[in-house]
Amino acid sequence: PFRTGDGKLCRPDALFQKVCYSAPIGKLIEEGYLCNLTTKAADASVDTSELHIRGGEFVSGEMAALFSDIAKIRVACAEVITKTPGRKSTLIFCAGVQHAQTVAEVIQEITGEECGLVTGDTLPMERAALLRRFRIGELKRLCNCDVLTTGFDAPGIDCIAVLRATASPGLFAQICGRGLRISPDKTDCLILDFGSNVKRHGPIDDPQYGEQSKGGKGNGDAPTKTCPNCEEPCALSARECGCGFTFPPRELARHEGTAGEDAILAADIKPTHWIVEEVRMSRHKKKGGTPDDPDTLRVDYVCQPCAELNGNLTERTISEWICLEHGGFIRTKAFKWWSQRSNAEINDIDDAVAMFHRGAVATPTAISTKPDGKFLRIVGYELDEKPTEWREAGIPNFGFDEMGIEEVPF
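In the numbering used here, the protein residues as written are 4 to 413.
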């Protein structure tokens with residue numbers, strides 16, 4: 004759970020420290036309580052990298068002007084129509100009142116069919132009539148501007164076209180939520196994202212959704228981000244977490260030419276599989292840390308992507324940091340990680356590194372990763388069997404069976 008502008012609600016220093024019960028979107032979809040969401044690439048996306056943010060949202064005038072270019076509107080409307088054959092109920096979110104009026108006119112011009120329009124200026128009786136016609140299927144398409152994000156229930160919606168950008172993860176989740184209702188003869192709801200919102204915020208069912216930053220709101224609190232390794236909050240400007248995880252450099256937003264192909268649900272993101280060629284373990288000290296900062300066990304996997312075995316041209320090192328010398332939950336999590344790989348008893352990082360070099364640790368032949376913001380999170384391992392015996396301390400590992408050879412091979 005998160006609050007827009009404040010970030011994650013459950014933190015070690017907050018009133019609530021953990022979630023007692025959760026009903027994830029993915030689980031509710033699997034159990035049939037919510038409808039599945041799908042996405043298609045939107046070729047007519049708009050570059051929003053130059054928009055300014057005020058009060059946690061893009062400046063409305065700038066955003067409306069950016070999306071109101073008539074050529075862009077015509078291309079986007081044509082794309083909405085061509086990508087929704089068989090869709091019965093399309094709800095369109097626009098960047099401003101004038102933008103919504105133009106979108107409705109262009110769609111009607113292309114299709115010859117009425118496209119409804121609801122804004123804050125629409126009279127109550129007219130609005131009620133339009134919404135009723137949309138719900139019962141008399142209107143196939145309905146445009147709106149900042150009106151139907153909350154409190155609007157039309158279970159038959161099977162396509163949502165987002166012809167606007169929002170810097171608010173809460174608002175974008177509410178927009179997508181209009182399509183989560185189940186309805187007879189509705190198998191899924193298509194999200195067409197023309198404002199790079201999925202790319203900006205990520206899948207709406209991601210556990211980290213909406214938690215990337217925390218707004219100050221005048222109380223002096225610095226913005227934070229959540230470490231993907233230990234799940235602790237860090238300063239937004241931090242390059243390294245206390246657990247040792249190194250955040251990648253921040254990149255400026257760029258226009259990709261196409262957008263909207265990012266998965267709207269985390270479950271739809273396909274993992275990348277890597278063949279592990281080498282594993283290294285070492286003690287890691289936090290850069291610029293204090294003597295009181297606990298070290299971590301750094302594990303480096305030297306990998307090749309399974310689909311591109313082109314020698315070391317595609318070699319990549321993927322790392323994780325295991326908090327064996329921390330306290331609380333992350334220490335418990337770290338020792339569980341160790342017990343899945345070794346039968347050896349350890350007390351600290353030095354023990355772990357020593358047992359690794361003695362051959363007491365099962366290493367993966369392959370790992371799977373998923374993007375987590377701008378870095379990779381390991382989501383799966385193909386582990387060898389845990390060793391039942393290992394070398395005595397002080398006996399080096401030359402990478403071959405020392406007892407099974409008759410002469411030194413050099």
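Glycine included, every Cβ here is placed at the ideal spot set by N, Cα and C.
Note that this is a predicted model, so its numbers are computed, not measured.
Secondary structure at Glu280: strand, using DSSP grouped into helix, strand and coil. Residue pairing of Ser322 in beta bridges, as defined by DSSP: Asp303. Note: Phe248 is not bridge-paired with any residue in the DSSP secondary-structure output.
Look at the segment 135 to 194 and you find these whole runs of alpha helix (DSSP H), each 4 residues long or longer: 172 to 180.
A straight line joining the alpha-carbon of Gln343 with that of Lys389 spans about 8 Å. With respect to the C-alpha of Ala266, the residue from Gly64, Lys43, Gly89 having the closest C-alpha is Lys43. Under the DSSP assignment, Ser371 falls in the beta strand (DSSP E) whose first and last residues are 367 to 375. With a 10 Å radius around the Cβ and a threshold of 16 neighbouring Cβ atoms, Gln307 comes out buried.
Excluding its 5 nearest sequence neighbours in each direction, Asn200 has C-beta neighbours in its own chain below 7 Å: Val165, Ala168, Thr169, Phe175, listed in chain order.
Of the candidates Cys309, Ile325, Glu328, the residue whose Cα lies closest to the Cα of Arg319 is Cys309. Under the DSSP assignment, Arg14 falls outside any alpha helix (DSSP H); it carries neither an H nor an E label.
Each residue's CA atom was taken as its position, placing Gly64 and Val305 some 49 Å apart. Between Glu328 and Lys290, the C-beta gap is not smaller than 7 Å, which leaves the two residues out of contact. The C-alpha of Pro274 is placed about 33 Å away from the C-alpha of Glu392. The C-alpha of Gly205 is placed about 19 Å away from the C-alpha of Ser25. Contact check for Gly29 and Leu268: beta-carbon distance about 6 Å, within the 8 Å limit, so the pair qualifies. Under the rule that a run must span 3 or more residues, the beta strand (DSSP E) segments found entirely inside the segment 54 to 133 read 93 to 97, 119 to 121. Here the alpha carbon of Val62 sits roughly 15 Å from the alpha carbon of Asp50.
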